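Residue numbers (this note's numbering), protein chains in the order written: chain A, 2 to 149; chain B, 176 to 315. The structure appears below as structure tokens.
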């Protein structure tokens with residue numbers, strides 16, 4: 002196995018993780034809520050419970066502003082590079098939405114919160130989506146020879 | 176009002192953390208998942224250090240009666256490992272591998288103004304809606 006050693010990126014990653022963990026901590030300690038992005042978004046657009054709309058909107062809006070602010074200040078960060086075209090993005094979005102709704106969560110809800118709750122469901126879900134992410138990238142990059 | 180401000184603060188930290196950590200870069204995500212190529216383990220540190228915080232936090236939650244600004248903790252109640260959980264995770268993993276985007280970074284990346292990312296978010300919402308329609312959950 003060839004491993005890319007980039008200690009600056011590892012430090013940034015660890016710092017980003019501390020921020021994400023703190024964000025999830027605030028939500029559960031103060032509001033009693035799991036900071037799972039697919040759950041917060043799905044609840045906002047699909048569940049007809051209007052009393053819940055405000056905090057969900059604030060959380061998701063905060064994410065966009067937080068990312069924009071950090072990118073504006075940290076100008077040396079790598080510019081995000083898309084891995085697929087319009088059709089790939091549309092298809093991937095569709096199955097990510099369907100899959101996270103079906104599987105009750107994504108990287109944040111299952112990965113960051115569920116594992117910390119010692120939830121068997123979340124631990125197994127995280128192992129499963131990681132494994133299929135790896136398999137998918139392997140198929141695209143090494144068997145089909147694509148650039149994903 | 177207090178809970179909305181906490182949600183805003185949490186979202187700000189969450190979005191900043193995703194951008195700082197590299198999660199918002201689909202190329203980085205693909206390199207993390209590409210264990211057969213030149214593997215970039217960086218994003219493992221994102222989840223690892225996030226868990227350093229959430230493990231003690233949820234340990235506190237298990238021993239607490241209620242959150243500080245709300246009446247009760249709203250935690251998932253399902254315990255059984257069922258087909259929807261695993262099949263859903265399989266589908267999510269495939270989509271994550273194709274685009275290098277999961278829901279959080281997709282939302283955070285709306286800040287970049289990329290129309291492809293906007294398309295991803297729109298079809299992601301459509302996928303969630305489709306799941307509800309096909310599983311009879313649409314009119315709850």
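Glycine included, each C-beta is placed from N, C-alpha and C at the ideal position. Just so we're clear, the structure is a prediction, and the values are computed from it rather than from any experiment.
Residue range of the unbroken alpha helix (DSSP H) whose run includes residue i
i, result
"residue 269 of chain B", "258 to 274"
"residue 243 of chain B", "Careful: residue 243 of chain B lies outside any alpha helix (DSSP H) and carries neither H nor E."
"residue 65 of chain A", "54 to 74"
"residue 81 of chain A", "Here residue 81 of chain A belongs to no alpha helix (DSSP H), and DSSP marks it neither H nor E."
"residue 186 of chain B", "177 to 196"
"residue 207 of chain B", "201 to 208"
"residue 39 of chain A", "38 to 47"
"residue 134 of chain A", "121 to 139"
"residue 308 of chain B", "290 to 309"
"residue 278 of chain B", "278 to 283"
Rounded separation between residue i and residue j - CA only
i, j, result
"residue 130 of chain A", "residue 250 of chain B", "21 angstroms"
"residue 153 of chain A", "residue 210 of chain B", "Absent from the model: residue 153 of chain A. The displayed extent of chain A is 2 to 149, so no value can be given."
"residue 89 of chain A", "residue 2 of chain A", "28 angstroms"
"residue 80 of chain A", "residue 140 of chain A", "25 angstroms"
"residue 279 of chain B", "residue 116 of chain A", "17 angstroms"
"residue 70 of chain A", "residue 242 of chain B", "29 angstroms"
"residue 313 of chain B", "residue 48 of chain A", "Per-residue confidence for residue 313 of chain B stands at a pLDDT of 47, beneath the threshold of 50, marking its modelled position as unreliable; no derived number is given."
"residue 262 of chain B", "residue 100 of chain A", "7 angstroms"
"residue 135 of chain A", "residue 273 of chain B", "10 angstroms"
"residue 37 of chain A", "residue 295 of chain B", "18 angstroms"
"residue 150 of chain B", "residue 231 of chain B", "In this structure chain B extends from 176 to 315, so residue 150 of chain B is not present and cannot be described."
"residue 138 of chain A", "residue 205 of chain B", "7 angstroms"
"residue 87 of chain A", "residue 237 of chain B", "44 angstroms"
"residue 200 of chain B", "residue 77 of chain A", "13 angstroms"
"residue 221 of chain B", "residue 9 of chain A", "13 angstroms"
"residue 120 of chain A", "residue 267 of chain B", "19 angstroms"
"residue 182 of chain B", "residue 57 of chain A", "7 angstroms"
"residue 227 of chain B", "residue 40 of chain A", "22 angstroms"
"residue 35 of chain A", "residue 25 of chain A", "7 angstroms"
"residue 149 of chain A", "residue 203 of chain B", "At residue 149 of chain A, the pLDDT of 45 sits below 50, so the modelled position is not reliable and the matter cannot be decided from this model."
"residue 6 of chain A", "residue 65 of chain A", "30 angstroms"
"residue 252 of chain B", "residue 17 of chain A", "29 angstroms"
"residue 92 of chain A", "residue 67 of chain A", "27 angstroms"
"residue 315 of chain B", "residue 52 of chain A", "Legend: pLDDT at residue 315 of chain B = 42, less than 50; position of this residue unreliable, no value from coordinates given."
Contact set between residue i and chain A, taken where Cβ atoms lie within less than 9 angstroms
i, result
"residue 241 of chain B", "33"
Residues sharing a beta bridge with residue i, DSSP
i, result
"residue 214 of chain B", "A/4"
Interface residues of chain B facing residue i [CB-CB closer than 8 angstroms]
i, result
"residue 145 of chain A", "Near residue 145 of chain A there are no residues of chain B at all, since even the closest Cβ is about 11 angstroms away, more than 8 angstroms."
"residue 121 of chain A", "254, 256"
"residue 26 of chain A", "228, 229, 232"
Partners in chain A for residue i, counting only beta-carbon separations shorter than 8 angstroms
i, result
"residue 238 of chain B", "Correct list: empty, because the minimum Cβ distance to chain A is about 12 angstroms."
Partners in chain A for residue i, counting only beta-carbon separations shorter than 7 angstroms
i, result
"residue 311 of chain B", "What residue 311 of chain B touches in chain A: nothing, since even the nearest Cβ is about 13 angstroms away."
Partner residues on chain B for residue i, Cβ-Cβ distance less than 7 angstroms
i, result
"residue 109 of chain A", "279"
"residue 23 of chain A", "188, 228"
"residue 85 of chain A", "273, 274"
"residue 137 of chain A", "268, 269, 272, 273"
Interface partners of residue i on chain B, CB under 9 angstroms
i, result
"residue 118 of chain A", "229, 233, 236, 237, 250, 251"
Beta-carbon neighbours of residue i, restricted to chain E and to distances below 8 angstroms
i, result
"residue 105 of chain A", "Among the protein chains of the structure shown, namely A and B, there is no chain E."
Proximity test, residue i beta-carbon vs the ligand COA heavy atom, cut-off 7 angstroms
i, result
"residue 189 of chain B", "Only the bare structure without any ligand can be found here, which leaves the ligand COA out of the picture."
- Query: Does the segment 214 to 234 of chain B come within contact of the segment 189 to 198 of chain B, defined as at least 3 CB pairs closer than 8 angstroms?
  - Reply: Contact holds: three or more Cβ-Cβ distances are below 8 angstroms.
- Validate contact between the segment 285 to 305 of chain B and the segment 122 to 129 of chain A using beta carbons, cut 8 angstroms, 3 pairs: Because the criterion of three Cβ pairs below 8 angstroms is not met, the segment 285 to 305 of chain B and the segment 122 to 129 of chain A do not touch.
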